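In what follows, a structure is listed as structure tokens, so that the remarks can point back to it.
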Amino acid sequence: MDTFLDETFKKSVSDGFRQRNREKKLLHESATQDLSGVSNETTSSVIKDEKSQSHKKREAENIVQDVFDFTATSAPEKNHMTEISMTARHEKSDMDNPPNILQNLACLIQEAWDAKDEAILANQKELLCWCSYIVEFNKKTTEFMTKYKIGEKKVKGMIYDNLIKLLRPDTKRNTLLKQT
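Numbered by the UniProt record's numbering, the letters in the sequence shown go through residues 1 to 180 in order.
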């Protein structure tokens, strides 16, 4: 079971790295390209590519809408700070040139997708760690029960006591019991 989980995790991480590298390469190439010389053919291929990723686009639009809604309902001071930061960001780009605005939006969407991919990988890693923990914990419990000829509850208590010594100082036994 450990081998299967390890192989599955390695494959998902590898696939994720490949996909992110492809996306970063495409993003880098499009960012270095002179936007004033963009042909209609390139624009149409970008539009086709955006249509093929409509699901991701809708997700990103929902996130942007949520952020907008949040900032619109925030306190006036926060709105003021948001306006300043957004103004500062847009002053760097040429506001009269729509491809630059679209490029900025595309970069923001790409960053959101990258963050989502990283979050998925982090969740997969967490699940793999918990699965490995459970397997090892059960092995140790069985081993100690047979070695010391004591009950399961007592063995688990001993293991928890030793784990608490190795974890952060603020770790409580109840927290460890709930998480495991």
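Where is the CB? At the ideal position from N, CA and C, for every residue including glycine. A quick note: this is a predicted structure, and the numbers were derived from the prediction, not measured.
Distance, residue j Cα to residue i Cα
i	j	result
L176	P98	54 angstroms
I159	N123	26 angstroms
E118	R22	15 angstroms
N162	R173	10 angstroms
residue 227	C129	Because the chain in this structure spans residues 1 to 180, residue 227 falls outside the shown range and cannot be described.
I164	Q103	50 angstroms
K24	G151	55 angstroms
A106	K116	15 angstroms
E111	T8	26 angstroms
N138	G16	31 angstroms
F144	K178	22 angstroms
K153	K11	38 angstroms
K149	L108	60 angstroms
T3	P169	33 angstroms
E136	N100	53 angstroms
T180	Y133	9 angstroms
G157	L167	15 angstroms
Cβ separation of residue i and residue j, assumed to be a contact under 8 angstroms, to the nearest whole Å
i	j	result
T141	V155	5 angstroms
L127	V13	Incorrect: roughly 13 angstroms between the Cβ atoms, too far for contact.
D114	R20	6 angstroms
L5	C131	6 angstroms
Residue i beta carbon near the ligand ADP (any heavy atom closer than 6 angstroms)
i	result
L177	Because no ligand of any kind appears in the structure shown, any question about the ligand ADP cannot be addressed here.
Reduced DSSP secondary structure (H/G/I, E/B, other) of residue i
i	result
D114	helix
K147	helix
P98	helix
D15	helix
S85	Residue confidence is low: S85 scores 48 on pLDDT, short of 50, so the model does not pin down where it sits. No coordinate-derived value is stated.
F9	helix
Element boundaries [alpha helix (DSSP H), containing residue i]
i	result
K165	E152 to L166
T175	R173 to Q179
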